[in-house]
Amino acid sequence: MNDKMARILSILFLIPLSLIGQENNLSENLISKEFLTRKGGQELDIYLSRFSSKEPKNLKVINFLADAFYQELFYRGMESPKIEKKIKEEDPILEFSFSYGGLFGGPKKGYKSLIHHKRSVMGATRSRTLEELKSLDLISIYTYNESRSKLADSTIRNEVELLMFVKSKEEYFIKYNQYKSEELKFAQNLIELNLIDESTYQSIENSYSNLELKGKPAILSYSDQCQIINLHDFEPNPTTIYNHVFEVIKQLVPNFNYSDLQIILKELEEESDLVEQRLEVSFVANNKTYKNEFFHDFKRVRNFKEHHKNDLPNKISTKFHQGINKYLRDKGVSYRLHTINIKDSRSVYGQEKIGLIILNEEQSKELNQESYFLSDETFDNRFNTEGIEKILQDFESIGLFSHLTKEEFKEGRLLLESKDVNDFNDILFAFPKIIVSFDWETGNLKNPYQELTNQFGLASRGVFNPTNIKDNFEISFDNQNKVEYSFSFKNKTYSSYLDMQGDWLDPKFMAIIEKSLSENEIDGKFQFCYDNGQETGFIFLTQKQREFIESKYPDLIVKYE
Numbered sequence: 001m002n003d004k005m006a007r008i009l010s011i012l013f014l015i016p017l018s019l020i021g022q023e024n025n026l027s028e029n030l031i032s033k034e035f036l037t038r039k040g041g042q043e044l045d046i047y048l049s050r051f052s053s054k055e056p057k058n059l060k061v062i063n064f065l066a067d068a069f070y071q072e073l074f075y076r077g078m079e080s081p082k083i084e085k086k087i088k089e090e091d092p093i094l095e096f097s098f099s100y101g102g103l104f105g106g107p108k109k110g111y112k113s114l115i116h117h118k119r120s121v122m123g124a125t126r127s128r129t130l131e132e133l134k135s136l137d138l139i140s141i142y143t144y145n146e147s148r149s150k151l152a153d154s155t156i157r158n159e160v161e162l163l164m165f166v167k168s169k170e171e172y173f174i175k176y177n178q179y180k181s182e183e184l185k186f187a188q189n190l191i192e193l194n195l196i197d198e199s200t201y202q203s204i205e206n207s208y209s210n211l212e213l214k215g216k217p218a219i220l221s222y223s224d225q226c227q228i229i230n231l232h233d234f235e236p237n238p239t240t241i242y243n244h245v246f247e248v249i250k251q252l253v254p255n256f257n258y259s260d261l262q263i264i265l266k267e268l269e270e271e272s273d274l275v276e277q278r279l280e281v282s283f284v285a286n287n288k289t290y291k292n293e294f295f296h297d298f299k300r301v302r303n304f305k306e307h308h309k310n311d312l313p314n315k316i317s318t319k320f321h322q323g324i325n326k327y328l329r330d331k332g333v334s335y336r337l338h339t340i341n342i343k344d345s346r347s348v349y350g351q352e353k354i355g356l357i358i359l360n361e362e363q364s365k366e367l368n369q370e371s372y373f374l375s376d377e378t379f380d381n382r383f384n385t386e387g388i389e390k391i392l393q394d395f396e397s398i399g400l401f402s403h404l405t406k407e408e409f410k411e412g413r414l415l416l417e418s419k420d421v422n423d424f425n426d427i428l429f430a431f432p433k434i435i436v437s438f439d440w441e442t443g444n445l446k447n448p449y450q451e452l453t454n455q456f457g458l459a460s461r462g463v464f465n466p467t468n469i470k471d472n473f474e475i476s477f478d479n480q481n482k483v484e485y486s487f488s489f490k491n492k493t494y495s496s497y498l499d500m501q502g503d504w505l506d507p508k509f510m511a512i513i514e515k516s517l518s519e520n521e522i523d524g525k526f527q528f529c530y531d532n533g534q535e536t537g538f539i540f541l542t543q544k545q546r547e548f549i550e551s552k553y554p555d556l557i558v559k560y561e
């Protein structure tokens, strides 16, 4: 490779010149700079040998270093803290936390002693580490300058975070053309979805500045159906924020003339250091009040520690817009309001910006291909206000609520007014003693079978009333492989030795309950009706009730069998 070609490549791909043709010195340079131990240098050589010489080695080296530092962090933190104590504190140590796991496929998990004992992994040498990454030509001047800013404002707190950041930036520069091409392809797709036109696409294409990537939310904001709300300058005051958000929604949703917007903050009392905060947002539209209650935040009320001062309160929720979609369902329109999550340093959902976009079902399915990007919305207009009322009348007519008190039924109806309803189970879960829902990996390590047997009894509308329930789960948990389980029903005892599988329940307990119903010729069974990937749910139905539901609301049962 001649000098001219090397310089062209370095400009195009932002690969430091000193790395072109000088790969053999990398490990020795890192050892002499006290980045790596001799063992670390050997592992780096092995790691680099896996890749083609055409691939940019600076990114591979940073990739290796990030994983090596990451694993050294846990080695020193848990097994050998004395290493860090001997290192001179060149930078003040800032508080941080990590969960364990390899990052980028560098050295194998469990490797240790790859990082030099004079190099900190907990932040004491982070400034020098950046300077030496630059002096070794492992990073570009763009990455160096951005990293310095992150160190200055304490966004980067230690060497691991530094290497993770420079890795992402170098990858950004090297793959910039690829990423930009993908963004423009995304914009082209918006034309096909009728979200933008050709002239808007040209505006997007012509608006890129040097090395700029816009991101999908910014590209979507070119559509008349989308708005990005910047919350950075807002104090975390729900009343102020949601009043502003609703005014933006008014610009997006045709003829959305709402009034009497109310934002009520509720705090649930718990015996904990944290109190759950919930918000109820209500408004009036078309002479009807729409309510929506959702999780807002946790507030610490006791046992404050120094680092808790950095816990910023939430500004906005991803569920606040469901009242709007209730309104849209009632209008019978084909579109829904979606939220666009714009991740920041706090979470994938983000608290500094949020996107709002109106989409029809086709547009929603096409755009919602990426986790955490777009909210999931239902386009099933059966669950509008009128539809829910008709479903309740039908369920009541076949006796599904016959065992509830007037107060229990009234409270369930009130709960439905502020609940997001997307399917039949959402309706039934508003009422007690209808669906028995539980996780097969139980949190009750004392008497889970007894607890669930009682719940099945309550949900059976009085036809299954077990007594003398025996469950020695707690006794068996640590030292036995069987759980003795039994109950009495109709003057007969039903019993079995269930398998003890740690905190996992044995499905055979359900078979015992079904056996007791069958042997006593009880009209009804517990039907499998709910599965969210973690919990399953069962509803008790007589033969006539099942026939009615299968004919009119087959979604409730059949799709889960």
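Per UniProt numbering, the very first residue in the sequence shown carries number 1; after that it's consecutive.
C-beta: ideal position from N, C-alpha, C; glycine also.
This one's a predicted model, so the numbers in the text were calculated from it and none came from an experiment.
May I ask you to report which of helix, strand or coil DSSP gives N63?
helix
Excluding the 5 residues flanking residue 576 on each side, which residues of the same chain have their C-beta closer than 6 Å to its C-beta?
This structure does not reach residue 576, given that the chain is present from 1 up to 561, and the question cannot be answered.
Does the Cβ of Y208 have 16 or more other Cβ atoms within 10 Å, making it buried, or fewer, making it exposed?
exposed
Kindly examine the ligand NAD and report whether one of its heavy atoms sits closer than 7 Å to the Cβ of V275.
Inclusion of the ligand NAD in the displayed structure is not the case, the ligand content being empty and no account of it being possible.
Any contact between the region 384 to 404 and the region 265 to 278? By contact I mean 3 or more CB pairs, one from each, below 8 Å.
no
Could you check which residue in Y242, G457, Y449, F424 has the C-alpha nearest to that of D439?
Y449
Ordered along the chain, which non-local residues of its own chain (more than five positions away) have a Cβ less than 7 Å from that of L184?
E205
How would you label F295, buried or exposed, when you count the other beta carbons within 10 angstroms and need 16 or more for buried?
exposed
How would you write the range of the beta strand (DSSP E) that I475 sits in, first residue to last?
Counting along the chain, I475 falls outside any beta strand (DSSP E), though it belongs to the alpha helix (DSSP H) covering 473 to 476.
In terms of residue numbering, what span does the beta strand (DSSP E) encompassing H296 cover?
288 to 300
Tell me whether A218 sits in a helix, a strand or coil according to DSSP, three-state version.
helix
Using CA coordinates, which residue listed in S488, N481, F401, I539 is at the minimum distance from F456?
I539
What residue range is occupied by the uninterrupted alpha helix (DSSP H) comprising K492?
Not the alpha helix (DSSP H): K492 falls in the beta strand (DSSP E), residues 492 to 499.
Contact set for T493: own chain, Cβ-Cβ below 7 Å, skip 5 residues either direction
S486
Which parts of the region 340 to 377 are runs of the alpha helix (DSSP H), unbroken and 4 residues or longer, counting only runs that do not cross its ends?
361 to 367
Residue burial classification, E43 (beta-carbon count within 10 angstroms, cutoff 16):
buried
Give me the Cβ distance between E315 and P236, rounded to the nearest whole Å; I'm assuming they're in contact under 8 Å.
Per the sequence presented here, residue 315 reads as Lys, with Glu not at that position. Confirmed, Cβ separation roughly 5 Å.
Own chain partners of G323 with C-beta closer than 8 Å, once the 5 adjacent residues on each side are dropped:
V281, S282, F283, Y290, K291, N292
Quick one: Cα of D376 to Cα of N368, how far?
8 Å
Please report the straight-line C-alpha distance between E535 and D426, rounded to a whole angstrom.
14 Å
So, does the region 113 to 131 touch the region 60 to 75, judging by three or more C-beta pairs under 8 Å?
yes
For the beta strand (DSSP E) that E280 lies in, which residues bound it at each end?
274 to 285
Where P56 falls, given that 16 or more other Cβ within 10 Å makes a residue buried:
buried
Nearest-angstrom Cα separation, counted from I62 out to N177:
21 Å
Which of helix, strand or coil does DSSP assign to H338?
strand
Within 10 angstroms of its Cβ, does N58 collect 16 or more other Cβ (buried), or is it exposed?
buried
Pull the bridge partners of L392 from the DSSP assignment, please.
Answer by DSSP bridge pairing: none, since L392 is not bridged.
Can you give, in chain order, each stretch of the alpha helix (DSSP H) that sits fully within the region 189 to 233 and has at least 4 residues?
198 to 206, 216 to 220
According to DSSP, simplified to helix, strand and coil, what is L400?
coil
Helix, strand or coil: how does DSSP classify V436 here?
strand
Flag this pair as yes or no: are the beta carbons of K508 and E474 separated by less than 8 Å?
no
Quick one: residues in its chain with C-beta nearer than 7 Å to the C-beta of T339, no 5 flanking neighbours on either side, listed in chain order?
T318, H321, I354, G355, L356, S375
When the Cα of L392 is compared with those of D380, E407, L416, which residue comes out closest?
L416
If I follow the unbroken beta strand (DSSP E) through Q527, where does it start and stop?
525 to 531
Whose C-beta lies closer than 8 Å to the C-beta of T240 among residues of the same chain, with five residues either side of it excluded?
F234
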